[in-house]
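**Q** Pasting in a structure now, in C-alpha cells, and then I'll have a few things to ask.
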Amino acid sequence: MIGSYAKKVALALMLALFFTTQVAHGQGRFMVLSGEIVSPAYEGWWPNDDGSYKLFFGYMNSNWEEELDVAIGPDNYFSIVGEAALDNLEIEDYDFAIADQGQPTHFYPRRNPFLFTIDVPSDFGTNEMVWTLRTKNHVARAFASLMPDYRINPQVISTEVGGSFGSLDDRLRTNIPPELRLDGEAFRTARVGEPLDLSVEAHDPDNLPERRPGLGGIGASLDQIYRTPQSIVVMSGPGLRFSWSIYRGPAKYAKFEPAQFKTYTDSRAYANSPWSPPYIVPEVPEGNRWTSTVTFDRPGEYVLRGIASDGSMFSYQNVNVTVTR
C-alpha cells in the first residue's frame, strides 16, 4: 500500500514538474525578445474591377524587440511558379528579374499584417506567387494562390487586425480605406544629419468605422491595462491616424520628429502602438495634415512608408530617399 501510494505521489510530482516546465517554456517563447525568425505571410486575395486579382502579404517577426534587415536577393525574393512547385524548401528559385515585388527589407517586431499587395493577371489560374525569406539561417515561404478559401474582403481585414475593437459590423464589408496624399516628390535626396521635411494629407471618406473611445486610456485601471487579452487577435480602436516607418533600409539610422507610433502589433502595455493599452488614437491635426521630419545618421538608400489607417483598413505611401554625406 505504502509503495503504491509513494509511486502515485512521485508520478504526480513528475507530471506537475513537466507541465510547469512546459508552461514556463511556452511563456518564455511567447515573450522572446531576440534570436527568432521572421515568417512571411500570405493574407488572402480579392478581385479587381478589371478582372485581375490583388494578393495581400505581411509577415510575423517572432521577436518582441529585434528588428532584422534582409536585402532583396537570394534571402528575400518572389517567384511565380506552378502549383506546389516550391513546396520543398530546399529548392531555390531566385530570379533577379522577378525577385523584387515591392516587399519590405526591414522587418519590425511581431505581426505586420496586410503590409503590401501584388496584382496578378486574370489568367493567373492555379499558379502561385511565392515569397521566400531566409532569417537566422532558416528558410520560410508564403504561398499565394487564388484558392477560394483565401478570398477576403474589408471585413476580414478588419477582423484580422482587431479593428474597431474587434467589431463585426456588416458595414465594414464595404469599408473604404483612407485617402492619402503626399506633399512633394516620392523620390528625394538628403544629407546625413540634415532633417528632411515630410508632409501628408489624409482623409477617411466614409468615416467608417466611426471614431469612439474604448476601455483604457486616461483613468484606466491597472487591471484594464494589464489584463490578459480576451481574444485571439489583439484589438485597436477606430479613428483616422497616420504614422511613418522604415520600409527598406536600416531603421536604426533614421529618426523621426515627432516620434511616430508603432505600425505593428506590439500589444505590451504602454508600447506606443494602437494595439497597446492604454493607447488613445490621437485627434486628427488641423487640415488633416501630418507634418514631421526624418534625419539620417548614415548614407544609403532608404524607403520610408507612410501608413494611414482608420483602424480597419490601410493606405500606404512610399518615399524613396538617397542619403549622402
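Adding 212 to a residue's 1-based position in the sequence shown gives its number in this note's numbering. Glycine included, each C-beta is placed from N, C-alpha and C at the ideal position.
Could you give the C-beta distance for A520 and F454, rounded to a whole number, given that I count them as a contact under 8 Å?
**A** 5 Å
**Q** Can you tell me which of V445, S370, Q529 puts its alpha carbon nearest to the alpha carbon of F328?
**A** Q529
**Q** If you draw a straight line from the alpha carbon of L298 to that of Y459, how long is it in whole angstroms?
**A** Going by the C-alpha atoms only, they are around 27 Å apart.
**Q** Closer than 8 Å is the cut-off here; do at least three beta carbon pairs connect the region 473–485 with the region 317–325?
**A** yes
**Q** For E277, which residues of its own chain have a beta-carbon under 7 Å away from its beta-carbon, when the five flanking residues on both sides are left out?
**A** L245, S246, P321
**Q** Quick test of your reading: E162 and E340, contact by CB under 8 Å. State the CB separation rounded to the nearest angstrom.
**A** One cannot answer for residue 162 here, as it falls past the ends of the chain, which runs 213 to 537.
**Q** Mind checking F269: buried by the 16 CB within 10 Å criterion, or exposed?
**A** F269 should be labelled buried.
**Q** With H, G and I counted as helix, E and B as strand and the rest as coil, what does DSSP make of Y271?
**A** strand
**Q** Please check the pair S527 and P390, which I expect to be a contact at CB under 8 Å, by giving their CB distance rounded to whole angstroms.
**A** 5 Å
**Q** Find the nearest neighbour of E255 within the set D261, E279, T371, judged by alpha-carbon distance.
**A** T371
**Q** Could you check whether G523 and V445 sit closer than 7 Å to each other, using their CB atoms as the reference points?
**A** no
**Q** According to DSSP, is R383 part of a helix, a strand, or is it coil?
**A** Three-state result, R383: helix.
**Q** Quick one: what's got a C-beta closer than 6 Å to H350's C-beta in the same chain, skipping five residues either side?
**A** I249
**Q** Here's a check: name, in chain order, each residue in its chain whose Cβ is nearer than 8 Å to the Cβ of F290, leaving out the five neighbours to either side.
**A** Excluding positions up to five away in sequence, the list reads I310, A311, D312, Q313, Q315, I330, M341, V342, W343, T344.
**Q** In the DSSP assignment, the alpha helix (DSSP H) including Q367 goes from what residue to what residue?
**A** 366–372
**Q** Tell me whether F308 is buried or exposed, calling it buried when 16 or more other Cβ atoms sit within 10 Å of its Cβ.
**A** exposed
**Q** Counting C-beta neighbours from all protein chains within 10 Å, is the total for L380 16 or more, i.e. buried, or is it exposed?
**A** Residue environment analysis places L380 among the exposed positions, since fewer than 16 neighbouring C-beta atoms fall within 10 angstroms of its C-beta.
**Q** Per DSSP, what kind of secondary structure is A352 in: helix, strand or coil?
**A** strand
**Q** Taking the Cβ atom as the reference point for each residue, do V515 and N500 lie within a distance shorter than 7 Å?
**A** no
**Q** Is the CB-CB distance between A354 and P252 below 7 Å?
**A** yes
**Q** Is L267 closer than 7 Å to W257 when the C-beta atoms are compared?
**A** Yes, these two residues count as a Cβ contact at 7 Å.
**Q** Any beta-carbon of chain B closer than 7 Å to the one on V250?
**A** The structure shown contains no chain B, having only a single protein chain.
**Q** For M243 and R480, what's the separation of their Cα atoms in angstroms?
**A** 10 Å
**Q** Excluding the 5 residues flanking M525 on each side, which residues of the same chain have their C-beta closer than 8 Å to its C-beta?
**A** P366, I369, S370, G375, N387, I388, P389, P390.
**Q** According to DSSP, simplified to helix, strand and coil, what is A309?
**A** helix
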